[in-house]
Amino acid sequence: MDQLHRFFSYCSENPKVNGGFSSPEERRHDTTLLYEMTASKITLPERRRLNKLILPLQQGPDLTLGQFLKTVEECCPQTAYAVKLRLHEMADGELKDMEYFFSTLPTPFTAFDTEAYKTSVVGLFMRHMLLAYNKLSFSQVYKLYKSLQHYYHSHYAKPMDGQVPALVADDSEMDLTSIEDTVGDRVDKEELDTPLHESELRSDNTPSRGPLSQKQAEYFLARQAYLLKNDENKALKPAALQEELNNMLKFNPDFAEAHYLNYLNSMRVQDIFLSAHSLLHYFDRLILSGNDGKSNGDEGYGRSLRYAALNLASLHCRFGHYQQADLALQEAIRIAQESNDHVCLQHCLSWLYTLEQMKGSDSTVLTEDSVKMAAHFCLPYLASLGIQSLVQQGATQGKTAHKLMDALKDTDILHWKHSLSELIEISLAQTTSIWRMYGKSTMSLQQAQLLLNMSSLEPVNFGVQQNNTEAFAVVLCHLAELHAEQGLYGAVSEIIQHLKEQFPPHTQHAKLWMLCDLKIQFERHMNEGKYHLAEPLVTAITALNQLEGLYRKAQVLKAVNRSTEAYHILQQLQARCEKTKCTEMVIRVMLSTAELHWESSGFSTALPVLLQALALARQHHLQSLASETILHLAFTQLMLGVPEQALNVLHEAVEPILAHRAVMDKGCAMLLAARCQMAVAGFKPNRQGQADLRLAASALDTLNEAAAYFSQLNCKERLRDVHYLQAQLHRSLGQILESNKSAMLFRLLDQELQSPAPPVSMRL
Amino acid sequence: MAMFPGLNVPANSGSDHEMEDAQDLDALTLAKSYFDLKEYDRAAYFLKGCRSQKAYFLYMYSRYLSGEKKKDDETVDSLGPLEKGQVRNEALRELRVELSKKHTAGELDGFTLYLYGVVLRKLDLPKEAVDVFVEGIHALPLHWGAWLELSNLVTNIEMLKSLSLPDCWIKDFFMAHMYTELQMIKEALQKYQNLIEAGFSKSTYIISQIAVAYHNIRDIDQALALFNELREQDPYRIDNMDTFSNLLYVKSMKPELSYLAHNLVEIDKYRVETCCVIGNYYSLRSQHEKAALYFQRALKLNPRCLGAWTLMGHEYMEMKNTSAAIQAYRHAIEVNKRDYRAWYGLGQTYEILKMPFYCLYYYRKAHQLRPNDSRMLVALGESYEKLSQQAEAKKCYWRAYSVGDVEKMALLKLAKLHEQLNESDDAAQCYMLYIQDIFSCGEQLEHAEVSTALRYLGQYYFKNKLYDEASLCAQRCCDYNDAREEGKALLRQISQVRDQIETPSADLFAPLSNNNTPVRRVSPLNLISFTP
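Just so you know, the sequences run in chain order A and B. If you use the UniProt record's numbering, the first sequence closes out at 764, no skipped numbers anywhere. If you use the UniProt record's numbering, the second sequence closes out at 532, no skipped numbers anywhere.
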């Protein structure tokens, strides 16, 4: 029975092929296993384990003998030993031993009571095997035997498992003397081989030396492709993979899939030439293999032509050659139209709107069409991809929140129904982003955690869960930024570290975390008042995102009091953002402009700008920006001498700020509230006026709170302001001790900061 | 003798060699006989103990050939298609190790060095192989086999220049051969001319090489003349006859091709060249299935025969079997990545499949390999035109004209493109150049559209009120059937207008003012603006 098994695998290896004997020796062990299973008495659980092993062995990739024996041993050591013995007998014996083995195989037609019955899995396999074996010519049988020997001896040539049985080792040595002409010859050969190993490093260093069998190759390709998709870090390094593929193609140039993997691999390293070359080569090859149906219909090579053009378009799109991509896409569309391939057309359409979006033009109508058509042709993936794209566009264009959320919810139902795990991830990432945009950090945080803790619907293959999609990158970036807002920089650096490992710099989504990392660093330096450190970051940010870079540049310039330049940049930026409908940026630019107006004491000129910003923010439901605008407004009012009004306005904003905003904003809001309270209380610096003591006391509380926030961020400049005000308040309340303490703290900070304190009144 | 022991060494070693030769003579003769009978293992066995250089070479060479023979036999009954690429000459590794030992010891002579080089090349170690071949050539400059092997490994002119080769007359042959391979035809022809003048005027090899060179630069008449001369001098020659048949094919010389095919079949019908010639013959008679069959046979005889793959692709194209054509072209590229015809053929296939953008890539590849071949440029231009990329198309056509348009189509296409874009001055200029070009080349081309050009020029001059030129064009138009009517019509119009002008009209100044506006006569310099 042992033999059956081996034989089996032989054929299953390559059933299409005449004879199916592509690399027979690799499977011989399976047959041996089966034989031994029936031949010897095995306990029931062991038998069950072995039976369970048969299918994976038959369908799985070819194993080395060592791996094979190990798996069998785990099930039943007794059988493993028997198999080993049997193989040893054959490999170290003569050709007749193998022939004898085949002749003793129970033919499936005679064996009724065994596993080898003709219709069983094993029986079928054996029939394949026997048929293939009987077809072999004499020289082929001899070759088969030789390869069995090679297979067997190559395992023992390098004892990797450390479990080489003494028996076998001895025997093989003895055999060497008998089989080879002379011992001397043999030794000579081995000696000769050593220099070769040194010089031919490239062929020997690779993980799999020499040619792979069809199954091994397929398994290898499938595994690498899966890893590339799901967890790139676990795949082979680009160079190593390239080498492996070259090796594979050298031995089997007709292996089209290898070209495709080559294409994917070249995309990893952004090699346009090689990837285009491999892609076209793959489709040239595919056209050959799909030759059967010459029709232009769903099958046949007309189909692969369409997808070839489409893939070319996506390639150019990935490399940012939009014009090229457009041409290729049009070509794909034309061919698909000619042959009435709606599915392909649908794919083309979704690429078309993606392309339009990338080019920066409005593609809502196209996307809507695409969704409708996709729904019509029952392509849920494309349909909900389209909806997600629509949601994204809608969010930036200020569609009402409930509509967007409704749409996402509906698609989510679709996703779960069809188990489109990839889209579920995207959907979660999108919700995270949308909540964040609306300024609901808690919701955003929750959604991010949901995605990160969700176990994927994708089957976990090769011990890898899908976790290097764009969705994960986006969510992790949000998470990092959210933590940074709360001043938890330790956690941030951990997240960034994880991102760095998960998405190495050369990969597709690496730019996401790079930008996020830079932004966080920039904010941090700005908060701590280290402008000289923030400035060099601006260049890096500009490289990744030009608009963002310009904005940050303006901020730095403003902070170091180069107002004119900052103003120019802001104007320029505003014009550009209004053109591209980048609302968030427009509002932020307006706020910065208003701050510039303050510096020149143009509080009344700042008012209209702020009101405009507020209207925009409300219109787009950008709550965080709205509350920030309100802060600015309140400050302006305070400066214009209507503190009561400012306090009223502030009350409106304080709640969302405390709930959702960054620690910095909380601090600012509190500081501002305290100042308003002081003003309302009629408190005037340096003059012992008739201050409302109750209000002053509550202002003190507010200040304490603000101080707590600022010290959390190590924002010394603000702390200095806080202490200054505290000292004054204490004094006016007659609390000399506290006043002195605050004054001392102020003095310490002032010395440390060196830069002269700007007038407290001049900033928010 | 005792005083000059050093002097004795060469004499001694010389006599040693002779002694060894004499000792091995019997074994060598026996082995040589076996070798001639293709019993390589047997030859090697009897040479095992021999120590002379000759015997050693024969020993090693027999082992090598035995390995090669077994490899070929194995391919026939391999265990499956997967082993196709895996059948190897098992002897190579052992040979390499033995030879490298001797090599480091400096015991190899010219022939064994050559063998060592061959082994290295077969093991895919081109760098090492080049070094060994160069060494072998230095040791034995007159062994053309080593030169030929070296020529296969030299990929570009820089590499060629960096080789240090012995200064021997045979080097000129090699350089000429290399120049032909690297498509530097002018230099190659010069070298061959020098060789002829130096006394090789009767060498059929040189004549054939020159003919091939002319073939490569598409100088068909010259090449044909040379081949005819060659056939006279060497009537039973089969080498290079496939190239000859290609030329005959291009010229559509059916009887000559038929004669050649019959002749070659009589000489030896199982030669790759013969099969290619027959394939061309059938192709010219539009029997494409049979043609493909013969190319397939050629490939069976030599699977690495590049030309046959490409030609087979062409045949499949004719049969509208695009997928088989793609397959054939891909095979050709696999054999030689620098085969521009295969790239071009792939481009054409996709063009037929109406994928102009897709085929751009292939045309570009072909153009890269033959930067100065107008056909690729015209093909590129056509693709760009189909993609409505007029600017690129214009550049391609103009460049095609600048590098010497073989098919004389580029200018016409350029002119039509300008016409479409309403750039009438440029269009007229191109038509003019086109007409000049057509007439200057003398022979009448089938597809010539001189009439179109004349018609357009006539209208153009008429519009610009250059009536003399217009009437000239119109008269020339009348020489062509398809434009005769329009030519006459134009002539009538011109005479009408002239009558009006000559009769003093009320508005005297109108024509004057018209004449005063300087009609833009396009100078050829203007066209340079869109040369890339």
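Ideal Cβ positions, reconstructed from N, Cα and C, are used throughout, including at glycine. All figures in this text were calculated on a predicted structure; none of them were measured in a lab.
Going by alpha carbons, who is nearest to residue i out of the options?
i	options	result
A:Arg303	A:Gly320, A:Arg318 and A:Asp284	A:Asp284
A:Asn714	A:Gln508, A:Glu752, A:Val642 and A:Met585	A:Glu752
B:Lys71	B:Phe173, B:Lys122 and B:Leu160	B:Lys122
B:Lys54	B:Phe111, B:Val450 and B:Lys320	B:Phe111
B:Val497	B:Leu466, B:Phe46 and B:Cys477	B:Leu466
B:Cys477	B:Ala453, B:Asp468, B:Tyr294 and B:Gln500	B:Ala453
A:His620	A:Leu607, A:Gln728 and A:Glu584	A:Glu584
A:Gln728	A:Ala239, A:Asn740, A:Leu719 and A:Leu428	A:Asn740
A:Asn527	A:Met248, A:Val654 and A:Ala559	A:Ala559
A:Ser624	A:Ser604, A:Val474 and A:Leu658	A:Leu658
A:Lys722	A:Glu548, A:Phe710 and A:Phe635	Reading the sequence as shown, one finds Val at residue 722 of chain A and not Lys. The candidate whose alpha carbon is nearest that of A:Val722 is A:Phe710.
In chain B, which residues lie less than 9 Å from residue i when you measure between Cβ atoms?
i	result
residue 775 of chain A	Missing from the structure shown is residue 775 of chain A; chain A here goes from 1 to 764 and no further.
A:Glu331	Lys354, Met355, Pro356, Phe357, Tyr358 and Leu387
How is residue i classed by DSSP in three states: helix, strand or coil?
i	result
B:Ala298	helix
B:Tyr187	Note that residue 187 of chain B corresponds to Glu in the displayed sequence, not to Tyr. It is helical.
A:Val649	helix
A:Ile495	helix
B:Ser201	coil
A:Thr442	helix
B:Met253	coil
B:Gly458	helix
A:Val560	coil
B:Gln500	helix
A:Cys668	helix
A:Met267	helix
B:Phe46	helix
A:Lys403	helix
A:His316	helix
A:Phe68	helix
A:Thr469	coil
A:Leu420	coil
B:Gly347	helix
B:Leu37	coil
Is the beta carbon of residue i within less than 6 Å of some heavy atom of the ligand SAM?
i	result
A:Tyr282	Within the structure as shown, the ligand SAM is missing, as the structure has no ligands at all.
Using a cut-off of 7 Å between C-beta atoms, extract the partners of residue i located in chain B.
i	result
A:Asp284	Ile326 and Arg330
A:Leu131	Ordered by position in chain B, no residue passes the 7 Å Cβ test against A:Leu131, which lies about 14 Å from the chain.
A:Leu327	Phe357 and Leu387
A:Leu355	Result: empty, since nearest Cβ-Cβ is about 14 Å, beyond 7 Å.
Which chain A residues sit within Cβ distance under 8 Å of residue i?
i	result
B:Glu334	Pro253
Name, please, each residue of chain A whose Cβ falls closer than 9 Å to the Cβ of residue i.
i	result
B:Tyr361	Ala276, His277, Leu280 and Leu312
Whose Cβ in chain B lies nearer than 8 Å to the Cβ of residue i?
i	result
A:Ala309	Met355, Phe357 and Tyr358
Open item on the list: If we require 3 or more residues per run, which beta strand (DSSP E) segments fall completely within the UniProt repeat "TPR" (306-339) of chain B?
Closed with: Not a single unbroken stretch of the beta strand (DSSP E) spanning 3 or more residues falls wholly within the UniProt repeat "TPR" (306-339) of chain B.
Task: Unbroken stretches of the alpha helix (DSSP H), 4 residues or longer, contained in the region 108-175 of chain B - done: Qualifying alpha helix (DSSP H) stretches, in chain order: 110-122, 126-139, 144-153 and 157-162.
Task: Residues of the region 249-267 of chain A whose Cβ lies closer than 7 Å to any Cβ of chain B, in chain order - done: Those would be Lys250, Phe251, Asn252 and Pro253, in chain order.
Task: Inside the region 575-654 of chain A only - alpha helix (DSSP H) runs reaching at least 4 residues - done: Entirely contained in the region 575-654 of chain A, the alpha helix (DSSP H) runs reaching 4 residues are, in chain order, 583-599, 603-619 and 623-639.
Open item on the list: Please give me, in chain order, every unbroken run of the alpha helix (DSSP H) with length at least 4 that falls completely inside the region 372-441 of chain B.
Closed with: Whole alpha helix (DSSP H) segments, 4+ residues: 374-386, 390-402, 410-420 and 424-440.
- [ ] Give, in chain order, every residue of the region 375-392 of chain B whose Cβ lies closer than 7 Å to some Cβ of chain A.
- [x] For chain A, the residues of the region 375-392 of chain B that bring a beta carbon within less than 7 Å of one of its beta carbons are Leu387, in chain order.
TODO: Could you list the residues in the region 23-48 of chain B with a C-beta less than 7 Å from some C-beta on chain A, going in chain order?
DONE: Residues passing the 7 Å Cβ filter: none.
- [ ] Select from the region 335-347 of chain B all residues with a C-beta closer than 8 Å to any C-beta belonging to chain A, and list them in chain order.
- [x] When CB distances to chain A are screened at a threshold of 8 Å, the residues of the region 335-347 of chain B falling below it are Leu346, in chain order.
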